[in-house]
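**Q** Residue numbers (the working numbering), protein chains in the order written: chain A, 49 to 307; chain B, 49 to 307.
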């Protein structure tokens, strides 16, 4: 991170990478809500939306109308309504346009976001794109994260990719903090009964097999989807879903040793 | 495509790219079932699994135990139990291992798969990874597809990325065949009532806004997920889901002009 003029060298925030291997498992939604939950616990939190080809954090955190400023080519994060500072790939490109970038451009953009003027924050959550390619490689080579959080649905096809993501972080010697199961359990709005469109328990079993903590289960819920599309993260509200994210934040705060 | 020795130059199959922008919207499941549905209509079909960091076609098409042979460095596709020929990134790497490849390696692998010894096929379906990066750029620059099929869930966050994918193909002058809405409508196994965890109708509205055909709606169904995880594509069976994929195949067969 850049040092601030006139101050002692910043210790810098701890970097928490959120990865999944597979796309569409709710990594961005989880990153946004985790960041909000950490902020509610009094942490000073920044969020880097590194999902170059599908940046969704400006929408998730109601920051689509906020434009980051730059100072000496260094980007200054915007402050979202939820107290989380944000820089997103979505701020470097227009909506509705193709983002046809090869790896070096994507990796360069990641560098620009992480090296933004984050000021005095405790945690920098990095919402990674799917896969284990240029963005992930540049991240681990240039900015060693304090830990990685793995998100998966309970479905076999997602778990296969989540396992590859775990192996990727192991190889890079980035500590795997644990695995979160997303989209498990859907409550029918008509009868109130739960069922599992994507299965259930698979991520917990896989975490066990790989020897990492299982950090909890976030349900598939219409509320989460509508709140996400509307830019009102459930973690900023009250209720069981907010509680689930708060617990996840607790797990991260407890692991202060990661810092 | 490579010419076969002793024969006239092959006209080559028509390439159908299946893209989404966002991951996890069911692109691979749709590609597999579309390929099977085309084969059931008498087409000779190949499938390239270009999802480098999350190859799932060997699982989806029950081909995990099949190993492709090579002849003079050219890969020979395996024939899956459903009559579809297949080459997958998953065949180039071991399961459970990280695939830490930068763009040029990923693009090189794509080339190797598309330039496999496909023989005399009519259609080559290309299951693209999420995003619009190296793999997509190499595909359009080296192998001009006859058309692109866009898959999206009805959720705003997915539609934003699907729109970027459409813009990408437009810029590359690849005809957009149409948009398919996936994961719309979930029938509760307890009460039989339908609800929409990911919303409904969004992809149809977006297709209309962009001026492209809306090619149909595939429900979110436990049956599809369990069948996918088990390597028994619903398109190979009977019932309403098989019919939905058959109709999609019809739409592609009718558009023979794409060839």
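For every residue, glycine included, the Cβ atom is placed at its ideal position computed from N, Cα and C. Keep in mind that this is a model prediction, so the values were computed, not measured.
Just curious, the beta strand (DSSP E) that residue 135 of chain A is in, first and last residue?
**A** 133 to 136
**Q** Less than 7 Å between the beta carbons of residue 139 of chain B and residue 164 of chain B, yes or no?
**A** No; because the gap between Cβ atoms is not below 7 Å, this pair is not in contact.
**Q** Considering only the alpha carbon of each residue, which of A/179, A/155, A/242 and A/287 lies closest to residue 216 of chain A?
**A** A/179
**Q** Give the straight-line distance between the Cα atoms of residue 86 of chain A and residue 290 of chain A, rounded to the nearest whole angstrom.
**A** 12 Å
**Q** With a 10 Å radius around its C-beta and 16 neighbouring C-beta atoms as the bar for buried, classify residue 51 of chain B as buried or exposed.
**A** Here residue 51 of chain B scores only 41 on pLDDT, less than 50, and its place in the model should not be relied on; the value that follows carries that caveat. Counting Cβ neighbours within 10 Å, residue 51 of chain B comes out exposed, since fewer than 16 surround it.
**Q** Assuming residue 209 of chain A and residue 102 of chain B are in contact, meaning their beta carbons sit under 8 Å apart, how far apart are those beta carbons, in whole angstroms?
**A** 4 Å between Cβ atoms; contact.
**Q** Could you name the residues of the same chain whose beta carbon sits closer than 8 Å to that of residue 212 of chain B, not counting the 5 residues immediately before and after it, in chain order?
**A** 69 and 180
**Q** Is there a C-beta anywhere in chain A that falls below 7 Å from the one on residue 254 of chain B?
**A** no
**Q** Taking the straight line between their C-alpha atoms, what separation do you get for residue 184 of chain B and residue 230 of chain B?
**A** Between residue 184 of chain B and residue 230 of chain B, the C-alpha separation is close to 21 Å.
**Q** Comparing alpha-carbon positions, which option in A/247, A/100 and A/109 lies nearest residue 141 of chain A?
**A** A/100
**Q** Return no unless some Cβ of chain A is closer than 7 Å to the Cβ of residue 263 of chain B.
**A** no
**Q** Going straight from the alpha carbon of residue 76 of chain B to that of residue 105 of chain B, what length do you get?
**A** 7 Å
**Q** Restricting to runs no shorter than 3 residues, where is the beta strand (DSSP E) found entirely within the segment 54 to 121 of chain A?
**A** 62 to 67, 93 to 97 and 117 to 119
**Q** What distance in whole Å lies between the Cβ atoms of residue 173 of chain B and residue 93 of chain B, which are believed to be in contact at a cut-off of 8 Å?
**A** 7 Å
**Q** Go through its chain and collect everything with a Cβ distance to residue 314 of chain B's Cβ below 6 Å, but skip five positions before and after it.
**A** With chain B covering only 49 through 307, there is no way to say anything about residue 314 of chain B.
**Q** Whole-angstrom Cβ separation of residue 89 of chain B and residue 275 of chain B, contact assumed at under 8 Å?
**A** Their Cβ separation, rounded to whole angstroms, is 20 Å, which puts residue 89 of chain B and residue 275 of chain B out of contact at 8 Å.
**Q** With a threshold of 7 Å between beta carbons, is residue 271 of chain B in contact with chain A?
**A** Judged by the 7 Å Cβ criterion, residue 271 of chain B is not in contact with chain A.
**Q** Can you tell me whether residue 228 of chain A is buried or exposed, with buried defined as 16 or more other CB within 10 angstroms of its CB?
**A** By the 10 Å Cβ count, residue 228 of chain A comes out buried.
**Q** For residue 156 of chain B and residue 206 of chain B, what's the separation of their Cα atoms in angstroms?
**A** 28 Å
**Q** In whole angstroms, what is the alpha-carbon distance linking residue 303 of chain B and residue 260 of chain A?
**A** 50 Å
**Q** Applying a beta-carbon distance threshold of less than 8 Å, which residues of chain A neighbour residue 150 of chain B?
**A** 151, 181, 182 and 185
**Q** Tell me which residues of the segment 276 to 292 of chain B have at least one Cβ-Cβ distance to chain A shorter than 8 Å, keeping chain order.
**A** 276 and 277
**Q** From residue 225 of chain B to residue 72 of chain B, what distance separates their C-alpha atoms?
**A** 21 Å
**Q** Give me the subset of the segment 229 to 249 of chain B whose CB atoms are less than 8 Å from a CB atom of chain A, sorted by chain position.
**A** 234, 236, 237, 238, 239, 241, 243, 244, 245, 246 and 247
**Q** Let me check understanding here. Comparing Cα to Cα, which of A/284, A/154 and A/187 lies closest to residue 131 of chain A?
**A** A/284
**Q** Give the secondary structure of residue 51 of chain A by DSSP, where H, G and I count as helix, E and B as strand, and everything else as coil.
**A** At residue 51 of chain A the pLDDT is 41, less than 50, meaning the model places this residue with poor confidence; the figure from the coordinates comes in the next sentence. Residue 51 of chain A falls in the coil class under three-state DSSP.
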